[in-house]
Amino acid sequence: MADDKKEEKKDKEEEKKEADKESPKDTKAKTTKRDVVVHPIVLLSVVDHYSRVAKGTTKRVVGTLLGEVTDFNLHITNCFAVPFEEDPRDPQVWFLDHNFHENMFAMFKKVNAKERVVGWYSTGPKIKPSDLSIHELYRRYCPEPVLVVMDVQPKDLELPMEAYYSVQEQTSDQVFKRTFFHVPSTVGAFEAEEVGVEHLLRDIKNASASTLAVRVGDKISALKSLGMRLKEISVYLQSVVSGKLPMNEEIIFQLQEIFNLLPDQDSEELVRSFAMETNDMMLALYLGGMLRSTVALHNLINNKIKNKKAKEGKGEDGKKAKGEEKKDEDGKDEKDDGKGDDKDKKSKGKEKEKDK
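Start counting the sequence shown at 2; every next residue gets the next number (the numbering used here).
Laid out in structure tokens, this is it:
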């Protein structure tokens with residue numbers, strides 16, 4: 002019986018060791034499935050936090066991310082700032098007010114119970130040595146927190162954020178050490194948020210610029226970003242062909258899907274159909290422009306006619322008013338003359354009575 006118990010203990014210990022060895026793989030598998038979707042209100046809140054606290058300095062700001070997981074995607078829908086200080090000389094010396102974090106989360110939970118703590122953000126703009134210890138602090142409130150590094154002053158046309166999970170790595174001394182694992186991140190929004198963002202962009206854009214100039218500028222920026230992506234793809238394929246980088250089957254599959262979606266420009270029927278469609282669209286635009294110009298001219302002529310009539314009416318009214326004023330003045334003068342004659346008559350009558 003004693004030997005059986007010893008063998009069962011050994012089996013349990015071996016199973017635990019195997020589970021510990023397989024745990025890093027499992028965590029990586031879980032993190033690869035969960036993409037991060039950042040909503041616009043989070044980006045605006047982070048920029049506002051940075052501009053209020055650390056604008057014009059080399060400091061960074063830290064805050065808590067709130068959201069929920071749906072369809073293997075982590076939707077970050079809200080956030081709030083947390084007081085944070087660190088020593089610029091020693092990056093391992095830092096302070097984060099977790100009591101403030103707990104109080105704020107309790108208030109946010111009263112407003113929206115679905116939102117929970119999913120991680121934290123930093124305006125690095127890169128990962129720093131103290132981020133792992135801060136990440137361990139957030140593991141108290143969330144089993145697998147996510148770190149979103151925001152670049153509040155982006156120079157390129159790429160998305161100004163990077164998302165990371167912390168995973169365990171087995172080192173040579175058989176001690177597990179946590180490192181950050183990069184995951185894909187995108188910007189998404191609900192319908193109500195899209196409407197609000199459109200209104201904000203209307204206020205931000207230059208009102209003096211025409212709509213055509215704004216559209217051309219947007220297309221130029223989109224073409225620039227497309228050119229940057231094509232350059233990155235070409236550099237990657239050249240490095241794979243030369244043997245500098247190993248071939249990634251997933252990336253090659255995605256590139257093949259992109260090339261398959263491209264139209265066959267050598268086909269005459271396709272070229273003719275594209276030309277016909279563009280011509281029809283340009284004809285509709287031309288007719289629309291002509292109609293708009295004719296309507297504008299018609300409205301201009303109507304306005305001029307109305308203004309002329311208004312001026313003529315004002316002139317006639319002025320003449321009538323002047324005629325009435327003259328009549329009133331003449332009547333007053335006649336009355337004054339009648340009063341003067343009466344006075345003269347009375348004075349003459351008094352003189353005759355005195356003579357008598």
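Ideal Cβ placement from N, Cα and C applies to all residues, glycine included.
Quick caveat, the model's predicted, so the values are computed rather than measured.
Residue i, DSSP secondary structure in three states
i      : result
Arg273 : helix
Ile128 : coil
Pro25  : Low confidence applies here, because Pro25 scores a pLDDT of 41, under 50, leaving its location unreliable and the question unanswered by this model.
Gln257 : helix
Gln171 : strand
Lys156 : coil
Tyr122 : strand
Ala82  : strand
Asn113 : coil
Lys56  : coil
Val37  : strand
Leu224 : helix
Val63  : strand
Lys178 : strand
Ser268 : coil
Asn280 : helix
Gly197 : helix
Arg90  : coil
Arg203 : helix
Leu288 : helix
Arg230 : helix
Leu246 : coil
Lys31  : In this prediction, Lys31 has a pLDDT of 41, which is less than 50 and means its spatial position is unreliable; what the coordinates show is noted afterwards. Reduced to three states, the DSSP call for Lys31 is helix.
Leu263 : coil
Ile135 : helix
Ser293 : According to the sequence as given, residue 293 is Arg; it is not Ser. Reduced to three states, the DSSP call for Arg293 is helix.
Tyr404 : With the chain covering 2 to 357 only, the question about residue 404 has no answer from this structure.
Residue i and residue j closer than 8 Å at C-beta
i      : j      : result
Ala164 : Ser134 : no
Asp36  : Asn74  : yes
Phe191 : Ile128 : no
Trp54  : Thr65  : Inspection of the sequence shows that residue 54 is occupied by Val rather than by Trp. Not in contact: Val54 and Thr65 (Cβ atoms no closer than 8 Å).
Glu116 : Glu170 : no
Leu67  : Phe109 : yes
Met162 : Val147 : no
Ser123 : Val217 : no
Tyr139 : Gly120 : yes
Val118 : Leu160 : no
Val39  : Ile77  : yes
Ser231 : Ser240 : The question names Ser, yet the displayed sequence has Leu at residue 231. Going by C-beta atoms, Leu231 is not nearer than 8 Å to Ser240.
Buried/exposed call for residue i, threshold 16 Cβ in 10 Å
i      : result
Phe275 : exposed
Arg61  : buried
Met151 : buried
Asp132 : buried
Met229 : exposed
Glu199 : exposed
Pro92  : exposed
Tyr287 : exposed
His136 : buried
His183 : exposed
Val94  : exposed
Asp157 : exposed
Leu97  : buried
Val215 : exposed
His299 : exposed
Val43  : buried
Which residues DSSP lists as bridging residue i, in chain order
i      : result
Tyr165 : Leu148 and His183
Thr212 : Note: Thr212 sits in no beta bridge, so no partner.
Glu69  : His76
Leu97  : Phe85
Val188 : Val39
Residue i versus the options, residue with shortest Cα-Cα distance
i      : options                           : result
Pro41  : Ile234, Glu194 and Asp281         : Glu194
Tyr237 : Leu227, Leu256, Ser226 and Lys220 : Leu256
Pro144 : Val184, Ser167 and Met105         : Ser167
His102 : Tyr142, Val112, Glu270 and Leu301 : Tyr142
Thr1   : Pro89, Val39, Asp49 and Asp72     : With the chain running from 2 to 357 in the structure shown, residue 1 is simply not present.
Phe359 : Lys307, Arg293, Met105 and Lys220 : Examination of residue 359 is not possible in this model, given that the chain is present from 2 through 357 alone.
Asn100 : Lys111, Ile253 and Phe85          : Phe85
Ser52  : Ser222, Glu87, Val153 and Glu251  : Val153
Ile259 : Asp281, Glu269, Asp219 and Ile234 : Ile234
Arg179 : Lys220, Ala223, Pro130 and Glu251 : Pro130
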